[in-house]
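Working notes, structure below.
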Amino acid sequence: MEISVEISKYPLADDYIPAIKSFIDRLNAIVGLTVVTNTMSTQVFGDHDLVMNTLRDEMKLSWETYGKAIFVCKFLGVNLDPALKPHG
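Residue numbers (UniProt numbering): 1 to 88.
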């Protein structure tokens, strides 16, 4: 099953950019995921198990490395990768 996730990370630190950049860079390194980033959120597309396992691991690593952060996520049970043109 393919899924889509929109995720925003809000580090609770003054120097927040390295924590966000590191998280996004690690997502981009995972073979099999499509990652689309804009100024407000990051969208992740791919196989359900791969996406969920990756997010679990990367969120944990992020907390262990950078401390407190809030992750806000939206999940959809279909792949809406814009490159696949799901709306036309």
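Built from N, CA and C at the ideal position, the CB exists for glycine as well.
The model shown is predicted, which means the values in this text are computed figures rather than measured ones.
| Asked | Found |
| --- | --- |
| Coarse secondary structure for Y66, derived from DSSP in three states | helix |
| The segment 58-77 touching the segment 10-23, judged by at least three CB pairs closer than 8 Å | yes |
| Reduced DSSP secondary structure (H/G/I, E/B, other) of T39 | coil |
| Residue from T65, T39, L61 and M1 with nearest C-alpha to I7 | T39 |
| Check whether L33 and V51 have beta carbons under 8 Å apart | yes |
| Beta-ladder partner(s) of I24, from DSSP | Partner(s): none; I24 has no beta bridge. |
| Cα-Cα separation, P82 to D15 | 32 Å |
| Contacting residues, own chain, Cβ-Cβ under 6 Å from T54 (five flanking each side not counted) | I30 |
| C-alpha gap between D47 and L27, whole angstroms | 14 Å |
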